[in-house]
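Peer 1:
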Amino acid sequence: MSPSTLSPTSTLSPIAFPDVALPESARRLRAEVRAFVDEERARGTVLGRPDSWLAGWDPGFSRRLAERGWVGMALPAEYGGAGRGFLERYVVIEELLAAGAPVSAHWVSDRQAGPSILQHGTEEQRRFFLPRIAAGQCFFSIGMSEKNSGSDLASVATRAERTADGWQLTGTKMWTGGAHVNDYAIVLARTEDAEDKHAGLSQFIVDLRAPGVRIEPIRLMSGEHRFNAVHLEGIDVPDGLLLGRRGGGWKQVTGELAFERSGPERYLSTFPLLVSLLRELEQHSTTAEQLTQTGVLTARLHSVRQLSLGVAAALDAGHSPDTQAALVKDLGTRLEGTLVDTVRSILPTPSDPHATPGSHPELLAFALLHSPGYTLRGGTNEILRGIITRGLERH
Amino acid sequence: MNTHTIDTGTPVISADNYDTAAFYAHADAITTVTNTTAPDAVALPSEDASTAELLAAAREAGRRAVPAPLAETALVARPLLRRVGLPVPAGPLSYAIAPELTIRYARPAASAVGSAGSSGVDDTLLVTGTLRRVPWARAATTVVVLATAPSGPVLFTLTPDQAHLTPGGNLAEEPRDDLRLATLEIPAPRVRRISPELLDEARLRAALARSALIAGAAERCVDLTVAHTTARTQFGRPLSGFQAVKQEEARLIEETALVRTAVQAAAPLDPGSPAAHVAVAAAKTQASASAAEIARIAHQLHGAIGITQLNPLHLATTRLWSWRDEDGDETYWARRLARPLTATTLWPTLTTTP
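For the protein sequence lines, the chains are A and B, in the order given. Take the first sequence: its letter number 39 is residue 159 in the working numbering, and every next letter is one higher. Take the second sequence: its letter number 70 is residue 91 in the working numbering, and every next letter is one higher.
#1: Looking only at its own chain, which residues have a Cβ that is under 8 angstroms from the Cβ of A:Ala485, when we skip the five neighbours before and after it?
#2: Going along the chain, which residues of its own chain have a beta-carbon closer than 7 angstroms to the beta-carbon of A:Thr131, five neighbours each way excluded?
#3: Quick check on the DSSP output: the beta strand (DSSP E) that includes A:Leu273 runs from which residue to which?
#4: Throw me the rounded Cβ distance for the B:Ser140 and B:Ser172 pair, which I believe falls under 8 angstroms.
#5: A:Tyr387 by DSSP, collapsed to three states: which one?
#6: Here's a check: name, in chain order, each residue in its chain whose Cβ is nearer than 6 angstroms to the Cβ of B:Pro217, leaving out the five neighbours to either side.
#7: Can you pull the chain A residues whose beta carbon is under 7 angstroms from the beta carbon of B:Glu240, in chain order?
#8: For A:Phe206, which residues from the same chain have a beta carbon less than 7 angstroms from its beta carbon, with the 5 sequence-adjacent residues on both sides left out?
#9: Between B:Pro292 and chain A, is any beta-carbon pair separated by less than 7 angstroms?
#10: Rounded to the nearest angstrom, what separates A:Glu214 and B:Leu107 at their Cα positions?
#11: Would you identify the three-state DSSP class for B:Tyr39, choosing helix, strand or coil?
#12: Are the beta-carbon atoms of A:Ala309 and A:Ala280 separated by less than 7 angstroms?
#13: Between which two residues does the beta strand (DSSP E) containing A:Glu281 stretch?
#14: Between B:Gly83 and B:Ala303, which are expected to be in contact by the criterion C-beta below 8 angstroms, what is the C-beta distance as a whole number of angstroms?
#15: Is there a Cβ of chain B sitting closer than 7 angstroms to that of A:Leu238, yes or no?
#16: For the alpha helix (DSSP H) containing A:Gln288, list its first residue and its last residue.
#17: Measure the beta-carbon distance from B:Ala223 to B:Ile118 and round it to whole angstroms, keeping in mind my assumption that it falls under 8 angstroms.
#18: Give, in chain order, every unbroken run of the alpha helix (DSSP H) that is at least 4 residues long and sits entirely within the region 326-377 of chain A.
#19: For the beta strand (DSSP E) containing B:Ala170, name the first residue and the last one.
#20: Among B:Gln255, B:Pro156 and B:Ala127, which residue has its Cα nearest to the Cα of B:Glu195?
#21: With distances taken from CA atoms, which of A:Gln257, A:Ala155 and A:Pro170 is nearest A:Leu459?
#22: Which chain A residues sit within Cβ distance under 8 angstroms of B:Ala95?
#23: Comparing the C-beta of B:Leu273 with each C-beta of chain A, is any distance below 7 angstroms?
#24: For B:Arg357, which residues from the same chain have a beta carbon less than 6 angstroms from its beta carbon, with the 5 sequence-adjacent residues on both sides left out?
#25: Taking beta-carbon pairs under 9 angstroms, can you tell me which members of the region 373-398 of chain A lie near chain B?
#26: DSSP on A:Asp158, reduced to helix/strand/coil?
#27: Which chain B residues are close to A:Val424, counting only those with a beta carbon under 9 angstroms from its beta carbon?
#28: Can a CB atom of chain B be found closer than 7 angstroms to the CB of A:Ile253?
#29: Have a look at the DSSP bridge pairing and note the partners of B:Val212.
#30: So the candidates are A:Trp295, A:Pro235, A:Arg209 and A:Ala305; which of them puts its Cα closest to the Cα of A:Asp289?
#31: Compare the Cα-Cα distances from A:Thr453 to each of A:Thr406, A:Leu388 and A:Leu467 and report the closest residue.
#32: Compute the Euclidean distance between the alpha carbons of B:Thr370 and B:Ala296, then round it to the nearest angstrom.
#33: Along the alpha helix (DSSP H) that carries B:Pro156, what are the first and last residues, could you check?
#34: Report the residue from A:Lys267, A:Asp139, A:Gly383 and A:Val416 whose alpha carbon sits nearest the alpha carbon of B:Pro289.
#35: Taking beta-carbon pairs under 7 angstroms, can you tell me which members of the region 242-258 of chain B lie near chain A?
#36: Give a yes or no on contact between the region 374-390 of chain A and the region 496-509 of chain A, applying the rule of three or more CB pairs nearer than 8 angstroms.
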């Protein structure tokens, strides 16, 4: 019996989280990543900024990371990866996010495209894309959402029509992060009309520089250009770039949700702001109330991290902890927002987007302007809560 | 049909005729629970059980609102006695950590510098003062006390019959008794000089035990709430079919999972280690801080029945409201957790375990 063993009558049994033990190699790896981050900080590339997996775009950094074997590191060595475990990858990315390192260029190729191509791709696709991903030389975007297709993803209207030797894609993808700077997007399109709207969807690898791909910026309220509308104006996609099974798109997309929803990026997006706060507090004497609020926040970060690691351990063991992942995403992303509000309360500071970049008022402004997105991206939290209650009721 | 299975050997108390006073007045229930081998009771784990096993048992005790100091005995009193090499008595045990007492040595050393009783020819103590709100004191065979003698921290034991006992209770009417000691002599064989570190380790052990109990009571809130929202029909459909209910219920589940995982993370750690300090301080902060939200949602989703003795929900929520204060509330532990933190140590602290 261990603490994770729930009595068989417990309502929570279906969503048990396993005990987490990191492999011994993880300790060494963590030290190596910290040393690397220190070097990069010294050269001015790691700036301790919030939301660096969305906003920290630095292909040079991604390539240096790849040289260490830390991009696509869970991919097998025969495809250029490091053949490391999923938990080791977790250690690397949590270190980078906590430091506010610029990881957005390779983020999607590392988290989704690589594993997805490995699992569903043809041998030819694997040989072509995976070594480039692992070398930090091939960056991906996700082409899922559309104007009328957000939480209800199965309603996508982008169509792929059969041609003599491939497909012709027509439609517009929205909120496509990094499409203006990345190389490829994995696009979800309808290949067949079906009674069941989850059937007849397929995934394609689309070259974002191909003729007929028109990329239009969608500026965030901060003025930043991170997202785009990607217009696919009848582009030709060869058969060789259909990813996975024709009509299997829904299963492929939902199969990777646990990976997408439970990682450290779901609770660490604003962590660098807390580091900045502690730096500020070191200039003053700290009040008891400031200590209390800092401690409550730290306890919650600690606890959410343990849950997130629990999902990672379950994924590593080959399970599909979709309900647990939804739970981590709701708790974690709400915490990202709470952190911003609490930091503001602990040390009242007017946020200022024009203050010196990296100063506390500027980081506060940056985190605040990004904050409504935390509980939206990767599945709106209200929808996730439905997944959580369903996960318990089913049993 | 909610049957409140707590122990065996005494009648099972059903929610339909739940009587708090009768429940706790049943002294036999307490010893039975700690000694029973019946399949549906929470047995007191054996002395060689791992911390993880003990925590699992404590959580289960919290979930079933076991009317006995199971966690206090197994996770606090017994390990402390073992740590200092004192015999571990049979039966339910309790503890008092850092009470305000006046302690002198009973046989002052003639050569001592300072006032009489500041050191002794042996460690026999004379103790005066009150141990406040000792858990289950009336049922305990022995109370372990960690306090400060003139020589420094000491651990000693006493039996409740050596003290004047004033009964008290917490919100769940679990016994929290005051024990008044009037120049009580504690013979040297029952006294051990201990390090300040062990005194603090006792606080950590007690906080972790309490956190495990909270995790169990939180889990009971989930059990009862999911059962209720599934079974109860309004407007022609189960409550669980309403989006507004789903949203709240999910948060209840999440908060409970959060507490449980925080406790789980502390289980494999050596209670004396710096890693344990972080993990336990975080666990008790989280458990105490989450109690309010967990109890709030559980009650809100139960509706009126939940605030009565017709329904067992109060067994869990009254415990949550008391246990969050006991063995250090979230303010105490949050400050302890935050005090050593700096911009450079925050992340290394969070990644101490695993």
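Quick reminder that beta carbons are idealized off the backbone N, C-alpha and C, glycines included.
Peer 2: A quick look at the data gives this:
#1: For A:Ala485, where only same-chain residues beyond five positions count, the Cβ hits under 8 angstroms are Ser471, Asp472, Pro473 and Ala475.
#2: The beta carbon of A:Thr131 sits closer than 7 angstroms to those of Leu512, all from its chain and outside the five residues before and after it, given in chain order.
#3: Where A:Leu273 is concerned, there is no enclosing beta strand (DSSP E), given that its DSSP letter is neither H nor E.
#4: The Cβ separation is near 6 angstroms, so the contact holds.
#5: Coil, per DSSP.
#6: Once the five neighbours on either side are set aside, the close Cβ partners of B:Pro217 are Pro174.
#7: Ordered by position in chain A, the residues that pass the 7 angstroms Cβ test against B:Glu240 are Ser130 and Leu132.
#8: Annotation for A:Phe206: Ala194, Ala432, Leu435 and Asp436 place their beta carbon closer than 7 angstroms to its own, counting only its chain and skipping 5 residues before and after.
#9: Judged by the 7 angstroms Cβ criterion, B:Pro292 is not in contact with chain A.
#10: Each residue's alpha carbon lies about 45 angstroms from the other.
#11: Legend: pLDDT at B:Tyr39 = 41, less than 50; position of this residue unreliable, value from coordinates given subsequently. Shown here, B:Tyr39 sits in coil according to DSSP, grouped into three states, outside any helix or strand.
#12: A distance below 7 angstroms separates the beta carbons of A:Ala309 and A:Ala280.
#13: That run of the beta strand (DSSP E) goes Arg279 to Arg282.
#14: So it is not a contact: roughly 18 angstroms between Cβ atoms.
#15: Under the Cβ distance rule, A:Leu238 does not count among the residues neighbouring chain B, no pair being separated by less than 7 angstroms.
#16: Not the alpha helix (DSSP H): A:Gln288 falls in the beta strand (DSSP E), residues Gly286 to Lys293.
#17: Contact holds; Cβ gap of about 5 angstroms.
#18: Residue ranges of uninterrupted alpha helix (DSSP H) with 4 or more members, entirely inside the region 326-377 of chain A and ordered along the chain, are 369-375.
#19: Thr163 to Ala170 is the span of the beta strand (DSSP E), which, as asked, contains B:Ala170.
#20: Comparing Cα-Cα distances from B:Glu195 to each of B:Gln255, B:Pro156 and B:Ala127, the minimum goes to B:Pro156.
#21: Among A:Gln257, A:Ala155 and A:Pro170, the Cα nearest to that of A:Leu459 belongs to A:Pro170.
#22: Under a criterion of Cβ atoms nearer than 8 angstroms, no residue of chain A is adjacent to B:Ala95; the nearest Cβ is some 13 angstroms distant.
#23: Contacts with chain A at 7 angstroms (Cβ-Cβ) do not include B:Leu273.
#24: Only Ala302 meet the Cβ criterion.
#25: Answer set for the region 373-398 of chain A: Phe391, Leu394, Val395, Ser396, Leu397 and Leu398.
#26: Correct three-state label for A:Asp158: helix.
#27: Within 9 angstroms Cβ-Cβ: Leu279 and Thr282.
#28: With 7 angstroms as the cut-off, A:Ile253 does not count as an interface residue toward chain B.
#29: Residue pairing from DSSP places B:Val212 in a beta bridge opposite B:Phe177.
#30: It should be noted that the sequence gives Leu, not Asp, for residue 289 of chain A. Just measuring C-alpha positions, the residue of A:Trp295, A:Pro235, A:Arg209 and A:Ala305 sitting nearest A:Leu289 is A:Ala305.
#31: The residue from A:Thr406, A:Leu388 and A:Leu467 with its alpha-carbon nearest to that of A:Thr453 is A:Leu388.
#32: Computed Cα separation, rounded: 8 angstroms.
#33: Per DSSP, B:Pro156 belongs to no alpha helix (DSSP H); it is in the beta strand (DSSP E), Leu146 to Pro156.
#34: For B:Pro289, the nearest C-alpha among the options comes from A:Asp139.
#35: Per Cβ criterion, the list reads Val243, Asp244, Val247 and Thr251.
#36: Yes, since at least three Cβ pairs between the region 374-390 of chain A and the region 496-509 of chain A fall closer than 8 angstroms, the two stretches touch.
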